[in-house]
Amino acid sequence: MIRLGSMLPQAFMIGIIEMVNEVGPEKTAGWLTNIGKEMAKTQGPGLEGSPLDGLNYLPLCPFADELIRFIDIFGEHPEEFLKIVQYSKEREAEDKNKVECPAVATFLCLLHNAYRKKRAKMAGYETIHLASKSIMPGAPSAYNEEAIKVAGISKEEVDNILQKGSCVFKFIKKE
5 MIRLGSMLPQ AFMIGIIEMV NEVGPEKTAG WLTNIGKEMA KTQGPGLEGS PLDGLNYLPL
65 CPFADELIRF IDIFGEHPEE FLKIVQYSKE REAEDKNKVE CPAVATFLCL LHNAYRKKRA
125 KMAGYETIHL ASKSIMPGAP SAYNEEAIKV AGISKEEVDN ILQKGSCVFK FIKKE
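In this text, residue positions in the sequence shown follow the numbering used here: the first is 5, and each later residue adds one.
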């Protein structure tokens, strides 16, 4: 049974499944990105995450609990969610400016990266997303190799930070 407090997040995720089925993963990915940007406008400028050696990381994915609850109730990780992740990886492979691409481990990374980037931009910073770790057991972590190079660290250093959290990013002050 769905608890009343969980209805909206679960309805949102069911809506994402329906969007993928009706308009495809490309438009759904764009929609999630737009939602993230609009959410950021309501919060205003800011930088998130715990600082560590010139980078920032999130100890916990802000969507983890709701996504796990959704999968517990519905019994599986819907293929529509995976289609969004796959589309994002294919788009990154074709993108000439790979450093700007998010490291997408779950479909919600698109929304969250857009949110983080917009808030940072309003605060006078650019953001690069180095890596994210899926909350799904056995799912691979996602890396943006170009962003890792720009940040001047190794993938092993990123992995060490991912052991402490869910995603790693760098804020760069705009001049």
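The beta carbon of each residue, even a glycine, is placed where N, CA and C say it ideally should be.
* Reduced DSSP secondary structure (H/G/I, E/B, other) of ALA44 -> To locate residue 44, count along the sequence shown from 1; it is residue 40. ALA44: helix per DSSP, three-state reduction.
* DSSP three-state call for THR32: helix, strand or coil? -> Here residue 32 refers to the residue found at position 28 of the sequence shown. Looking at THR32 - three-state DSSP - the assignment turns out to be helix.
* Asked: Excluding the five sequence neighbours on either side, which residues of its own chain have a C-beta within less than 8 Å of the C-beta of LEU114, listed in chain order?
  -> For this step, residue 114 is matched to residue 110 along the sequence shown. If we look at LEU114 and ignore the five residues flanking it on each side, its Cβ neighbours are ALA33, LEU36, THR37, GLY40, ILE88, SER92, PRO106, VAL108.
* Asked: For the putative contact between PHE173 and ASN60, defined by C-beta atoms under 8 Å, what is the C-beta separation to the nearest angstrom?
  -> As a position in the sequence shown, residue 173 is number 169, starting the count at 1. As a position in the sequence shown, residue 60 is number 56, starting the count at 1. Rounded, the Cβ-Cβ distance is 6 Å, consistent with contact.
* Asked: With DSSP run on the structure shown, which of helix, strand or coil describes PRO55?
  -> What you label residue 55 is simply residue 51 of the sequence shown in a count that begins at 1. In the structure shown, PRO55 sits in a strand (DSSP, three-state: E or B).
* Cα-Cα separation, PHE85 to ALA155 -> Here the question's residue 85 lines up with position 81 in the sequence shown. Here the question's residue 155 lines up with position 151 in the sequence shown. Going by the C-alpha atoms only, they are around 29 Å apart.
* Asked: Between which two residues does the alpha helix (DSSP H) harbouring GLU161 extend?
  -> Numbered from 1 along the sequence shown, position 157 holds the residue referred to as residue 161. From DSSP, the alpha helix (DSSP H) with GLU161 extends over 159 to 166.
* According to the neighbour-count rule (16 or more other Cβ atoms, all chains shown, within 10 Å of its Cβ), is PRO66 buried or exposed? -> Numbered from 1 along the sequence shown, position 62 holds the residue referred to as residue 66. PRO66 comes out exposed.
* Asked: Rounded C-beta distance between PRO122 and LYS177? I'm assuming under 8 Å.
  -> Your numbering for residue 122 matches position 118 in the sequence shown. Your numbering for residue 177 matches position 173 in the sequence shown. According to the sequence as given, residue 122 is Lys; it is not Pro. Their Cβ separation, rounded to whole angstroms, is 16 Å, which puts LYS122 and LYS177 out of contact at 8 Å.
* For PHE74, I'd like the list of residues in its chain whose CB is within less than 6 Å of its CB, leaving aside the five on either flank, ordered along the chain. => Within the sequence shown, numbered from 1, the residue matching residue 74 stands at position 70. Correct list, in chain order: GLN14, MET17.
* Proximity winner among MET43, GLY28, LEU51, relative to ALA127 (alpha-carbon distances) -> Taking the first residue of the sequence shown as 1, we reach residue 127 at position 123. Looking at the Cα atoms, LEU51 is the closest of the given residues.
* To do: Consult DSSP for HIS81 and reduce its assignment to one of helix, strand or coil.
  => Taking the first residue of the sequence shown as 1, we reach residue 81 at position 77. Residue state, collapsed to three classes: coil.
* LEU134 to VAL103 span [Cα, whole Å] -> Taking the first residue of the sequence shown as position 1, residue 134 is located at position 130. Taking the first residue of the sequence shown as position 1, residue 103 is located at position 99. Cα to Cα, the separation comes out at about 9 Å.
* When the Cα atoms are used, what is the spatial distance from LYS168 to SER138? -> Here the question's residue 168 lines up with position 164 in the sequence shown. Here the question's residue 138 lines up with position 134 in the sequence shown. Answer to the nearest angstrom: the Cα atoms are 13 Å apart.
* Just the Cα atoms here: how many angstroms apart are PRO55 and PHE175? -> In the sequence shown, counting from the first residue as 1, residue 55 sits at position 51. In the sequence shown, counting from the first residue as 1, residue 175 sits at position 171. Those two C-alpha atoms are separated by around 10 Å.
* To do: Locate the alpha helix (DSSP H) running through VAL154, then write down its first and last residues.
  => Taking the sequence shown and counting its residues from 1, the one referred to as residue 154 is at position 150. Counting along the chain, the alpha helix (DSSP H) containing VAL154 begins and ends at 149 to 155.
* Using the C-alpha atoms, what's the distance from ALA124 back to GLU130? -> As a working mapping, residue 130 is identified with position 126 in the sequence shown. As a working mapping, residue 124 is identified with position 120 in the sequence shown. The alpha-carbon atoms of GLU130 and ALA124 are separated by roughly 6 Å.
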